[in-house]
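Below you'll find the structure, written out as structure tokens, and then a few comments.
Protein chains: 2
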Amino acid sequence: MSLMVVGSMAFDALETPFGKVDRIIGGSATYAAWAASNFTNDIKQVSIIGGDFPQEEIDKLQHRGVDFDGVEVVKDGKSFFWSGRYHMDMNTRDTLVTELNVLEHFNPQIPESFKESEFLFLGNLVPAVQASVINQMKERPKLIVMDTMNFWMDVALDDLKKTMNMVDVIMVNDSEARQLSGEYSLVKAALKIQAMGPKYVIIKKGEHGALLFHEKHVFFAPALPLEDVFDPTGAGDTFAGGFMGHIARTKDVSFENMKTAIIVGSALASFCVEKFGPLRLQELDSVDIEARIQEFVELVNFDIVISN
Amino acid sequence: MSLMVVGSMAFDALETPFGKVDRIIGGSATYAAWAASNFTNDIKQVSIIGGDFPQEEIDKLQHRGVDFDGVEVVKDGKSFFWSGRYHMDMNTRDTLVTELNVLEHFNPQIPESFKESEFLFLGNLVPAVQASVINQMKERPKLIVMDTMNFWMDVALDDLKKTMNMVDVIMVNDSEARQLSGEYSLVKAALKIQAMGPKYVIIKKGEHGALLFHEKHVFFAPALPLEDVFDPTGAGDTFAGGFMGHIARTKDVSFENMKTAIIVGSALASFCVEKFGPLRLQELDSVDIEARIQEFVELVNFDIVISN
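So the protein sequences, as listed, match chains G and L.
Last residue of the first sequence: 353 (the numbering used here), numbering continuous.
Last residue of the second sequence: 353 (the numbering used here), numbering continuous.
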């Protein structure tokens with residue numbers, strides 16, 4: 046039930062209305078691996094870091110079953126760095142600094158031992174890099190899930206479309222779904238995006254939850270209403286990691302099981318935002334997670350009492 | 046199981062990205078009565094209209110069991126008129142014209158036969174007028190639900206707080222909840238609003254669904270993802286009418302039953318937006334409604350598969 050996770054491992058500087066932090070680990074693959082490691086201890090990590098990435102953080106992930114053979118270390122390079130400031134609504138943010146550093150030349154060479162991974166998560170990256178990872182696999186994984194962002198729709202749409210055509214599931218946020226499809230209605234947008242390749246479309250709406258579309262079917266998972274959202278950084282990657290972790294644990298890629306995976310992902314994301322960076326994720330246990338999933342059950346559970 | 050509905054009956058001129066209409070009936074009490082009449086045929090309508098309000102529309106509502114004894118007709122007056130234009134996102138709109146007309150001097154005199162109504166819905170109105178209606182009741186209704194809007198928070202906050210302290214349930218949208226409480230988190234906002242009087246707080250988020258808060262409990266009802274939203278006018282009042290209709294039919298004011306009422310209200314609202322004004326509401330039958338409620342069940346239904 047090996048899960049391969051491809052994405053950035055980075056440093057972030059974050060500023061929210063509730064505080065700031067100058068340097069904390071981040072990156073899509075970091076969040077995804079932390080979240081997924083609650084459900085599987087066979088994670089194949091593919092990323093690139095500089096010599097500055099803390100050994101302690103690598104140790105912690107390895108201890109959770111994350112295999113670092115696919116993480117290239119550029120000893121005299123610097124890890125990807127991103128700095129951002131969130132507005133009061135926590136849904137909008139300004140990017141203050143983006144330093145690609147070692148990520149600029151990321152050309153992942155997948156280790157032999159990774160090439161038969163059953164499940165593949167492609168974090169947000171250059172679409173051509175995402176495609177090159179898929180092309181290196183010996184067998185096609187049972188499920189390939191990709192994340193992406195509006196930036197690639199602006200500058201690499203053709204490549205993005207090629208990669209989209211190679212995957213099973215795409216995750217985008219609502220404005221990206223609209224940009225990609227040219228449709229305002231998310232129902233119509235999801236149908237158009239399915240026609241581009243992915244049979245499943247997950248539209249993330251942040252504090253407003255997430256939608257899963259497949260053919261004409263739709264499933265909605267709410268976000269848990271929280272007293273405080275401390276730092277939304279990494280919530281989307283954590284959602285993806287929880288989703289993939291559940292799929293890898295259950296080895297079930299049906300639409301029905303994806304619904305549960307989305308609830309699991311939403312539960313993990315609801316923890317992520319409670320502290321800066323991945324700090325909250327690093328202290329969870331299975332009791333916390335089960336209790337949180339139960340909150341989701343109660344949040345949407347109602348008796349069906351119809352007919353006059 | 047009589048339900049009293051208090052609010053405006055009006056004409057609207059509407060412009061959406063999908064079309065426009067110069068003059069169609071509207072008003073909070075119109076939408077609420079249409080929605081509620083799917084569940085009870087004992088509706089006591091309290092409103093004020095001019096001689097211009099179409100007799101045909103009155104006949105249609107009376108045929109559904111709506112009692113017009115509480116609707117004052119000012120023969121030589123004009124009905125309330127509102128004109129608005131929606132933006133592409135359908136969540137924001139510009140008011141083009143507001144003519145209060147007969148509504149300016151609305152001072153409802155509740156007929157004796159209405160004063161023992163068991164359930165009371167107060168549509169958005171001057172808070173002091175809402176309070177005067179409550180004060181005219183012989184017995185306190187089993188459930189009093191009020192709607193309001195940001196305008197009254199700006200110009201009549203003291204009166205609004207007095208009225209709030211007399212009701213069981215308040216319905217506001219998310220930005221109004223934030224304005225009223227001074228809290229950004231909707232969880233905190235709902236707690237503060239409960240402390241002002243209403244034991245139940247319903248926060249409407251339009252296309253993002255609705256939240257019901259009671260003490261520390263929270264329930265979330267999604268909005269159905271629709272291919273097209275044609276005209277959102279009246280969706281909130283339709284939601285309220287469906288909610289009240291379900292409560293009046295079941296005579297059950299428990300938190301559990303309110304959850305179902307919110308799903309029923311959401312289902313009715315999802316029809317409302319499919320055509321201009323109340324046109325879609327006027328053609329529904331119970332089969333349509335049950336099928337739509339089933340869509341809500343499927344939308345959020347997932348298997349609980351937890352534990353490693």
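The beta carbon of each residue, even a glycine, is placed where N, CA and C say it ideally should be.
Check                                                                                                                                                                                : Outcome
What's the C-alpha gap between leucine 48 of chain G and alanine 74 of chain G?                                                                                                      : 12 Å
Serine 128 of chain L and isoleucine 94 of chain L look like a contact to me (Cβ under 8 Å); what is the Cβ gap, rounded to whole Å?                                                 : Between isoleucine 94 of chain L and serine 128 of chain L the Cβ distance is about 18 Å, and since that is not below 8 Å, they are no contact.
With DSSP collapsed to three states, give me the class of methionine 303 of chain L.                                                                                                 : helix
Does any residue of chain L bring its CB to less than 9 Å from the CB of glycine 286 of chain G?                                                                                     : no
From which residue to which residue does the beta strand (DSSP E) around isoleucine 179 of chain G run?                                                                              : Premise fails: isoleucine 179 of chain G lies in the alpha helix (DSSP H), 172 to 181, not in any beta strand (DSSP E).
Taking only the alpha-carbon atoms, compute the straight-line gap between methionine 241 of chain G and phenylalanine 63 of chain G and give it to the nearest angstrom.             : 41 Å
Select from G:Tyr131, G:Ala77, G:Arg138 and G:Ser92 the residue whose C-alpha is nearest the C-alpha of arginine 109 of chain G.                                                     : G:Ala77
Helix, strand or coil for threonine 85 of chain G, going by three-state DSSP, please let me know.                                                                                    : coil
At a Cβ threshold of 9 Å, is phenylalanine 265 of chain G touching chain L?                                                                                                          : yes
9 Å is my cut-off, CB to CB: does tyrosine 245 of chain L come that close to chain G?                                                                                                : no
Using a threshold of 9 Å, state whether the C-beta atoms of phenylalanine 363 of chain L and valine 190 of chain L are closer than that.                                             : The shown model of chain L, from 46 to 353, leaves out residue 363 of chain L, and the question about it has no answer.
Examine chain G for any beta-carbon lying closer than 9 Å to the beta-carbon of lysine 320 of chain L, and answer yes or no.                                                         : no
For the beta strand (DSSP E) containing glycine 64 of chain G, name the first residue and the last one.                                                                              : 64 to 71
So aspartate 192 of chain L and alanine 285 of chain L are supposed to be a Cβ contact under 8 Å. How far apart are they, rounded?                                                   : 6 Å
Counting C-beta neighbours from all protein chains within 10 Å, is the total for proline 323 of chain G 16 or more, i.e. buried, or is it exposed?                                   : buried
Would you list, in chain order, the members of the stretch 272 to 285 of chain G that have their beta-carbon closer than 9 Å to a beta-carbon of chain L?                            : Glu272, Asp273 and Val274
Between which two residues does the alpha helix (DSSP H) holding valine 345 of chain L run?                                                                                          : 331 to 345
For the alpha helix (DSSP H) that alanine 235 of chain G lies in, which residues bound it at each end?                                                                               : 231 to 240
How about the stretch 100 to 109 of chain L and the stretch 162 to 169 of chain L: do they share at least three Cβ pairs that are nearer than 8 Å?                                   : no
Closer than 9 Å, CB to CB, is isoleucine 351 of chain G near chain L or not?                                                                                                         : Here the model assigns isoleucine 351 of chain G a pLDDT of 48, short of 50, so the residue's position is not dependable, and the following value carries that caveat. Yes, because at least one Cβ of chain L sits closer than 9 Å to the Cβ of isoleucine 351 of chain G.
Would you call the stretch 148 to 155 of chain L and the stretch 290 to 298 of chain L touching, i.e. three or more CB-CB distances under 8 Å?                                       : no
Can you find the residues in the same chain that come closer than 8 Å, C-beta to C-beta, to methionine 182 of chain L, ignoring five residues on each side of it along the sequence? : Ile155, Lys160, Glu161, Ser162 and Leu165
Look at the Cβ atom of valine 50 of chain G, then the Cβ atom of isoleucine 88 of chain G, and state whether they are nearer than 9 Å.                                               : yes
Ignoring anything shorter than 4 residues or poking outside the stretch 109 to 194 of chain L, list the alpha helix (DSSP H) runs there in chain order.                              : 172 to 181
How close, in whole Å, do the beta carbons of threonine 305 of chain G and phenylalanine 316 of chain L come, if the pair is a contact with beta carbons under 8 Å?                  : Rounded, the Cβ-Cβ distance is 30 Å, inconsistent with contact.
Using DSSP with H/G/I as helix, E/B as strand and the rest coil, what is serine 53 of chain G?                                                                                       : coil
Assuming serine 226 of chain L contacts lysine 244 of chain L (C-beta within less than 8 Å), just tell me the rounded distance between them.                                         : Contact flag wrong, Cβ pair sits at about 16 Å.
Does leucine 326 of chain G come within less than 9 Å of chain L when only Cβ atoms are used?                                                                                        : no
Taking Cβ-Cβ distances below 8 Å as the criterion, which residues of the stretch 226 to 253 of chain L are in contact with chain G?                                                  : Tyr229, Ser230, Leu231, Val232, Lys233, Lys250 and His253
So, at 8 Å on beta carbons, what are the nonlocal neighbours of lysine 187 of chain G in its own chain, with the 5 sequence-adjacent residues on each side left out?                 : Glu163, Phe164, Lys296 and Val298
Which residues, taken in chain order from the stretch 332 to 345 of chain G, show a beta carbon closer than 7 Å to some beta carbon of chain L?                                      : Glu335, Ile338, Val342, Leu344 and Val345
At which residue ranges does the stretch 224 to 293 of chain G contain complete beta strand (DSSP E) runs of 3 or more residues, listed in the order of the chain?                   : 245 to 249, 255 to 259 and 262 to 266
Measuring alpha carbon to alpha carbon, tell me which residue in L:Ala235, L:Met209 and L:Asn210 is nearest serine 220 of chain L.                                                   : L:Ala235
Check serine 47 of chain L in the structure and name its three-state DSSP category.                                                                                                  : coil
Apart from the five residues just before and just after leucine 329 of chain L, which ones in its own chain have a Cβ nearer than 7 Å to its Cβ?                                     : Asn83 and Phe316
Helix, strand or coil: which one does DSSP assign to alanine 80 of chain G?                                                                                                          : helix
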